[in-house]
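Trainee: Numbering of the sequence shown is given in numbering that gives the first Met the number 0, commencing with residue 0 and proceeding in unit increments.
Note that beta-carbon positions come from the ideal geometry of N, C-alpha and C, so glycine has one too.
Quantities reported herein were computed from a predicted structural model and do not represent experimental measurements.
Quick one: structure below, then a few questions.
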Amino acid sequence: MKPLNLMNVRIFVHNMEVDAVFDFINKRTGIMPNYWINEVDVPLSVSGGYVELSIDYTIYSYIRSMKDHQSLLDI
């Protein structure tokens, strides 16, 4: 089993919010856009599409400490 810091996590974000995600990760902003863990949970209302990002667990842990992922149950 890999140590958690060597694992990658997939998240899905709106294609227009990719820069905002990296701004948040690099601490240039304090606002993390909505994201989804499961591609099935991405709402159909995400116009223009979405992008899959692969991030390591350390970054994912930082994101989760600020904002939880969205799911269909949240709608």
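Rank Phe21, Gly29, Glu38 by C-alpha distance to the C-alpha of Gly48 and give the top, closest one.
Mentor: Glu38
Trainee: List the endpoints of the continuous beta strand (DSSP E) containing Arg9.
Mentor: Residues 7 to 13.
Trainee: According to DSSP, simplified to helix, strand and coil, what is Met31?
Mentor: coil
Trainee: Counting C-beta neighbours from all protein chains within 10 Å, is the total for Phe21 16 or more, i.e. buried, or is it exposed?
Mentor: exposed
Trainee: For the alpha helix (DSSP H) containing Ile24, name the first residue and the last one.
Mentor: First-last of the alpha helix (DSSP H) with Ile24: 17 to 24.
Trainee: If we define contact as Cβ-Cβ less than 8 Å, is Ser44 a contact residue for chain D?
Mentor: Protein chains in the displayed structure number just one, and chain D is not present.
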